[in-house]
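This report refers to the structure that appears directly beneath it.
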Amino acid sequence: MATSPLAKTSANDQASTCDEPQWHQRLNFFNFGDVRRFNPRTSQAERIANTRLTTTTVVQDDRFPMLPQNDTHLKVVGYILWLFGFTGAHRFYYGKPITGTIWFFTAGLLGIGWLIDLFLIPGMDHDADRRFRSGPIDYSVAWVFLTFLGVFGLHRFYMGKIITGLLYLVTGGLFGLGLLYDFWTLNGQVNESNFESDMPRQFDHGKMTSAT
């Protein structure tokens, strides 16, 4: 006995109704949002439109980053250096040497800028993470060594610059002039060292990829 098209449609509707909870679970798990996109009773044009909308939403969603995030600087270290903020130490740490120098000579803009920076540190931390390259040399460790033990050249020993480290050790950081230079350029020095250390690894990866 032949089955009428109407009977087939009702049977498909019942089957899709039974399957809908599974689709709901999958959609809730992946957070794609629009159930109509998978509903067999939806027209083809609506499915295509809903697919484009949800695809655009997923690509632009910050919960799905396209690239790994750097975490070169730490908020904890930033707040510790903020305690000495009248010297501009936290601004030097986050790669802002010009305003750091202004803070140094004006005691943190007479304390006003120092207090305001308490609320600006999260933003400065985010900007620094985007500007600088992570790697084997840790920015926070280098800055702590420079800030508290810079006259002994410990930050330069840490970065593998043994000769200048010894020179700092016997001259008190080149009589303070070397310390001023490093406060302006330390982020760049660490960034360059991390870049150079990453080059052989990228070269080896390129050779392996070409070999395969």
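The sequence shown maps to residues -10 to 201 in the working numbering.
In this text, a Cβ means the ideal position worked out from N, Cα and C, and glycines have one as well.
Going by alpha carbons, who is nearest to P125 out of Y82, L169, F75 and E181?
In the sequence shown, counting from the first residue as 1, residue 125 sits at position 136. Closest option to P125, Cα to Cα, is E181.
Per-residue burial, R119 [other beta carbons within 10 Å of its own, 16 or more giving buried]
As a first step, residue 119 must be located in the sequence shown, where it is residue number 130. R119 counts as exposed, since fewer than 16 other C-beta atoms from the protein chains shown sit within 10 angstroms of its C-beta.
Thinking C-beta only, is H144 closer than 7 Å to A131?
Working through the sequence shown from its first residue, we reach residue 131 at position 142. Working through the sequence shown from its first residue, we reach residue 144 at position 155. At the C-beta level, A131 and H144 come within 7 Å of one another.
With the cut-off set at 7 Å, would you say L175 and L138 are in Cβ contact?
Numbered from 1 along the sequence shown, position 186 holds the residue referred to as residue 175. Numbered from 1 along the sequence shown, position 149 holds the residue referred to as residue 138. Not in contact: L175 and L138 (Cβ atoms no closer than 7 Å).
So, helix, strand or coil for S182, using DSSP?
Your numbering for residue 182 matches position 193 in the sequence shown. Correct three-state label for S182: helix.
Would Y128 and V65 qualify as a contact pair, given that the criterion is a beta-carbon distance under 7 Å?
Taking the first residue of the sequence shown as position 1, residue 128 is located at position 139. Taking the first residue of the sequence shown as position 1, residue 65 is located at position 76. No. Outside cutoff.
Please report the straight-line C-alpha distance between V159 and I152, rounded to a whole angstrom.
On the sequence shown, residue 159 is found 170 positions in, with the first residue counted as 1. On the sequence shown, residue 152 is found 163 positions in, with the first residue counted as 1. About 11 Å.
Is it right to say G149 is buried, meaning 16 or more other beta carbons lie within 10 angstroms of its own, or is it exposed?
On the sequence shown, position 160 is the one that residue 149 refers to. G149 should be labelled exposed.
Go ahead and pull the three-state DSSP assignment for G177.
As a first step, residue 177 must be located in the sequence shown, where it is residue number 188. For G177, the secondary structure class from DSSP, reduced to helix, strand or coil, is helix.
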